[in-house]
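*Asks:* Structure incoming, see below.
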Amino acid sequence: MTEQKVRWGILATGGIAAAFTAELVDLPDAEVVAVASRTEQSAKAFAERFGIARAYGDWDALARDEDVDVVYVATPHSAHRAAAGLCLEAGRNVLCEKAFTLNAREAEELVALARSRGSFLMEAMWMYCNPLIRRLADLVRDGAIGEVRSVHADFGLAGPFPPQSRLRDPLQGGGALLDLGVYPVSFAHLLLGEPADVVARAVLSEEGVDLQTGALLSWESGALASVHCSIIGGTATTASVTGSLGRIDIPYGFFHTDRFVLHRDGRDPEEFTTGPAERGSLRHEAQEVMRALRAGGTESPLVPLDGTLAVMRTLDAIRDRVGVRYPSEDTLTPA
Ligand SMILES: NC(=O)c1ccc[n+]([C@@H]2O[C@H](COP(=O)([O-])OP(=O)(O)OC[C@H]3O[C@@H](n4cnc5c(N)ncnc54)[C@H](OP(=O)(O)O)[C@@H]3O)[C@@H](O)[C@H]2O)c1
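Quick note, our numbering runs 33 ahead of the 1-based positions in the sequence shown.
Given below as structure tokens:
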């Protein structure tokens, strides 16, 4: 695979599948060769829209397509375990949307499957592939703001989302936490690792999903992170990390940012930017997958599977504290 284009298969034809495919078709070293949907009609329409050669009306045919190097799973989270599992079982490499699965148990099953097959698997946590977020993490790791004391991050959308929308459907893993809260939680994990303890409160819908959730994560070092997510209020969607020697602020849209400001105590603020073309781009995660596949890797150092598992444990712990359980979950093992 060193010189040839990486051949992508797309599994599901919804909103993010279309957004990601639109970026893939513009990458010179990528080729989208197949798409699968639950219906042939939808697969064909998607294939026609993006000029994709093969359209399958079931997932199995895509999973068994030997001429696909990597499958991008873009179903609702409730179907990630089944869809990614099918592809891994058939020998495909997989990039799987966030939240990676409904819970840590499902995530462990997928990771074990990929590792036993020697296949590549990565959570589509595009924030971790964003060049400025990587720069920020490097600065923090190198001590630019001293020892990390606290992190704040939030992501809320005003909606309104009707009860029949994916975001409010328990059967599809609905709620603010898995869809939006995964970004603030992953941001805190990036800077501090897995928390030692979690407290949380949420407001639940009649259907039993979280409409808004606030959590306080704590570490043995004394660091704290406050994370908030909502599907009933458009929040600032900013992030900041404060240390013993300064602070870094990321403005609106922190998880796909093109700008942040470093405040070192006693110095003028320093702005870091990549320019607006970088903002909102999913191509960095696609490029990271292709780089890792060409290098013969089975996971990405930017989005390591152990990190994904840790985030899933924190999401489980938050859901445990606020009492959100999905219909398919008989037992949830909280952290
Ligand atoms: N990275 C990002 O920025 C980002 C942004 C938005 C969403 N996401 C994630 O991507 C995933 C999909 O989100 P989306 O907004 O694209 O959702 P969406 O627009 O509802 O699309 C999901 C697609 O999955 C298939 N599907 C629907 N219900 C299903 C079910 N019950 N079981 C299996 N497949 C089903 C459908 O495709 P077919 O009809 O073809 O089967 C549907 O079009 C979620 O996990 C979400 O968290 C990521």
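By construction, the Cβ of each residue, glycine as well, lies at the ideal position given by its N, Cα and C atoms.
Could you tell me the distance, in whole angstroms, from the CA atom of Leu223 to the CA atom of Ala170?
*Replies:* Reading the sequence shown from its first residue, position 190 is the one you call residue 223. Reading the sequence shown from its first residue, position 137 is the one you call residue 170. Between Leu223 and Ala170, the C-alpha separation is close to 7 Å.
*Asks:* Hey, how far is the Cα of Cys162 from the Cα of Asp91?
*Replies:* In the sequence shown, the residue the question calls residue 162 occupies position 129. In the sequence shown, the residue the question calls residue 91 occupies position 58. Looking at the two C-alpha atoms, the distance is approximately 31 Å.
*Asks:* Evaluate Gln197 with the Cβ neighbour count: other Cβ atoms within 10 Å of its Cβ, from every protein chain shown; 16 or more gives buried, anything less gives exposed.
*Replies:* Within the sequence shown, the letter at position 164 stands for residue 197. Exposed, since its Cβ has fewer than 16 Cβ neighbours within 10 Å.
*Asks:* How many angstroms separate the CA atom of Leu57 from the CA atom of Gly299?
*Replies:* The count along the sequence shown starts at 1 and reaches residue 57 at position 24. The count along the sequence shown starts at 1 and reaches residue 299 at position 266. Rounded to the nearest angstrom, the two C-alpha atoms are 44 Å apart.
*Asks:* Is Trp159 near ligand 1, going by C-beta to nearest heavy atom under 7 Å?
*Replies:* As a first step, residue 159 must be located in the sequence shown, where it is residue number 126. Yes, the Cβ of Trp159 comes within 7 Å of a heavy atom of ligand 1.
*Asks:* Runs of 3 residues minimum, wholly inside the region 72–136: which ones carry the beta strand (DSSP E) assignment?
*Replies:* 87–89, 103–106, 126–129
*Asks:* Could you name each continuous beta strand (DSSP E) segment of 3 residues or more that falls completely within the region 298–322, going from the start of the chain to the end?
*Replies:* The qualifying runs are 303–306.
*Asks:* For the 8 Å Cβ check, are there 3 or more pairs between the region 338–353 and the region 211–221?
*Replies:* yes
*Asks:* In this structure, how does DSSP classify Ile49 when only helix, strand and coil are distinguished?
*Replies:* Working through the sequence shown from its first residue, we reach residue 49 at position 16. Correct three-state label for Ile49: helix.
*Asks:* Looking at the structure shown, is Asp59 part of a helix, part of a strand, or coil, going by DSSP?
*Replies:* Taking the sequence shown and counting its residues from 1, the one referred to as residue 59 is at position 26. Reduced to three states, the DSSP call for Asp59 is coil.
*Asks:* Using DSSP with H/G/I as helix, E/B as strand and the rest coil, what is Asp171?
*Replies:* For the purposes of this step, residue 171 is taken as the residue at position 138 of the sequence shown. Judged by DSSP in its simplified three-state form, Asp171 adopts helix.
*Asks:* Between Glu130 and Ile49, is the Cβ-Cβ spacing less than 8 Å?
*Replies:* Start at 1 with the first residue of the sequence shown, and residue 130 comes out as number 97. Start at 1 with the first residue of the sequence shown, and residue 49 comes out as number 16. Yes, Cβ-Cβ distance for Glu130 and Ile49 is below 8 Å.
*Asks:* Please state whether the Cβ-Cβ distance between Thr307 and Leu165 is less than 8 Å.
*Replies:* Within the sequence shown, the letter at position 274 stands for residue 307. Within the sequence shown, the letter at position 132 stands for residue 165. In this structure, Leu165 lies closer than 8 Å to Thr307 by Cβ.
*Asks:* Who are the near neighbours of Met158 in its chain, counting only those whose CB is closer than 6 Å to its CB and skipping five residues on each side?
*Replies:* Here residue 158 corresponds to residue number 125 of the sequence shown, with the count starting at 1. So the qualifying residues of the chain are Lys131, Ser219, Val336.
*Asks:* Among Ser70, Ala137, Arg82, Arg292, which has the Cα closest to the Cα of Gly106?
*Replies:* Taking the sequence shown and counting its residues from 1, the one referred to as residue 106 is at position 73. It is Val, not Gly, that sits at residue 106 in the sequence shown. Ranking Ser70, Ala137, Arg82, Arg292 by Cα distance to Val106 puts Ser70 first.
*Asks:* Pick from Gly241, Ala229, Ala177: whose alpha carbon is nearest that of Gly207?
*Replies:* Working through the sequence shown from its first residue, we reach residue 207 at position 174. Measuring from the Cα of Gly207, the nearest candidate turns out to be Gly241.
*Asks:* Identify which residue in Asp339, Thr46, His113, Ala52 has its Cα closest to the Cα of Val68.
*Replies:* Against the sequence shown, residue 68 aligns to sequence position 35. Comparing Cα-Cα distances from Val68 to each of Asp339, Thr46, His113, Ala52, the minimum goes to Thr46.
*Asks:* I need the DSSP call for Glu141, collapsed to helix, strand or coil.
*Replies:* The sequence position of residue 141 within the sequence shown is 108, counting from 1. Three-state result, Glu141: helix.
*Asks:* For Gly356, which of helix, strand or coil comes out of DSSP?
*Replies:* Working through the sequence shown from its first residue, we reach residue 356 at position 323. In the structure shown, Gly356 sits in coil (DSSP, three-state: anything other than H, G, I, E or B).
*Asks:* In this structure, how does DSSP classify Ala343 when only helix, strand and coil are distinguished?
*Replies:* Here residue 343 corresponds to residue number 310 of the sequence shown, with the count starting at 1. Reduced to three states, the DSSP call for Ala343 is helix.
*Asks:* Just to confirm, is the Cβ distance from Cys262 to Leu225 under 8 Å?
*Replies:* Residue 262 sits at position 229 when you count from the first residue of the sequence shown. Residue 225 sits at position 192 when you count from the first residue of the sequence shown. Not in contact: Cys262 and Leu225 (Cβ atoms no closer than 8 Å).
*Asks:* Is it buried or exposed, Pro195, if we count other Cβ atoms within 10 angstroms and call 16 or more buried?
*Replies:* On the sequence shown, residue 195 is found 162 positions in, with the first residue counted as 1. When all chains shown are included, Pro195 counts as exposed.
*Asks:* If contacts are defined as beta-carbon pairs under 8 Å, then Leu39 and Val103 qualify, I think. What distance do you get, rounded to the angstrom?
*Replies:* As a first step, residue 39 must be located in the sequence shown, where it is residue number 6. As a first step, residue 103 must be located in the sequence shown, where it is residue number 70. Per the sequence presented here, residue 39 reads as Val, with Leu not at that position. The Cβ separation is near 6 Å, so the contact holds.
*Asks:* Do you know how far the Cα of Gly189 is from the Cα of Gly267?
*Replies:* Sequence index remark: in the sequence shown, residue 267 carries index 234 (1-based). Sequence index remark: in the sequence shown, residue 189 carries index 156 (1-based). Roughly 5 Å between the two C-alpha positions.
*Asks:* If we count the other Cβ atoms within 10 Å of its Cβ and call it buried at 16 or more, is Thr275 buried or exposed?
*Replies:* The residue you call residue 275 lines up with position 242 of the sequence shown. Buried, because 16 or more other Cβ atoms sit within 10 Å of the Cβ of Thr275.
*Asks:* Provide the residue(s) that pair with Gly390 in DSSP beta bridges, ordered along the chain.
*Replies:* Since the displayed the chain opens at 34 and closes at 368, residue 390 lies outside it and no answer follows.
*Asks:* Report whether the distance from the Cβ of Ala140 to the nearest heavy atom of ligand 1 is below 7 Å.
*Replies:* Position 107 of the sequence shown, counting from 1, holds the residue named residue 140. Ala140: no, Cβ never under 7 Å from ligand 1.
*Asks:* Quick check on the burial criterion: 16 or more other C-beta atoms within 10 angstroms. Buried or exposed for Leu44?
*Replies:* Position 11 of the sequence shown, counting from 1, holds the residue named residue 44. Per the 10 Å Cβ criterion, buried.
*Asks:* Taking Ser314 as the reference, give the member of Thr54, Trp41, Gly42, Glu73 with the closest Cα.
*Replies:* On the sequence shown, position 281 is the one that residue 314 refers to. Comparing Cα positions, the closest option is Thr54.
*Asks:* Starting from Leu200, follow the beta strand (DSSP E) in both directions and report where the run begins and ends.
*Replies:* Residue numbering aside, residue 200 sits at position 167 when the sequence shown is read from its first letter. No beta strand (DSSP E) holds Leu200; DSSP gives it neither H nor E.
*Asks:* Consider the C-beta atom of Pro109 and the heavy atoms of ligand 1; say whether any pair is separated by less than 7 Å.
*Replies:* Locating residue 109 in the sequence shown gives position 76, where the first residue counts as 1. Pro109: yes, Cβ under 7 Å from ligand 1.
*Asks:* Give me the Cα-Cα distance between Gly340 and Arg125, rounded to the nearest whole angstrom.
*Replies:* Translated into positions along the sequence shown, residue 340 becomes position 307. Translated into positions along the sequence shown, residue 125 becomes position 92. Straight-line Cα distance between these residues: approximately 22 Å.
*Asks:* Is Asp212 near ligand 1 - that is, is its Cβ less than 7 Å away from at least one heavy atom of it?
*Replies:* One-based indexing of the sequence shown puts residue 212 at position 179. Yes, Cβ of Asp212 sits closer than 7 Å to a heavy atom of ligand 1.
*Asks:* By Cβ distance, which residues of its chain are closer than 6 Å to Cys120, with the 5 residues on each side in sequence left out?
*Replies:* The sequence position of residue 120 within the sequence shown is 87, counting from 1. Excluding positions up to five away in sequence, the list reads Ala96, Val104, Val127.
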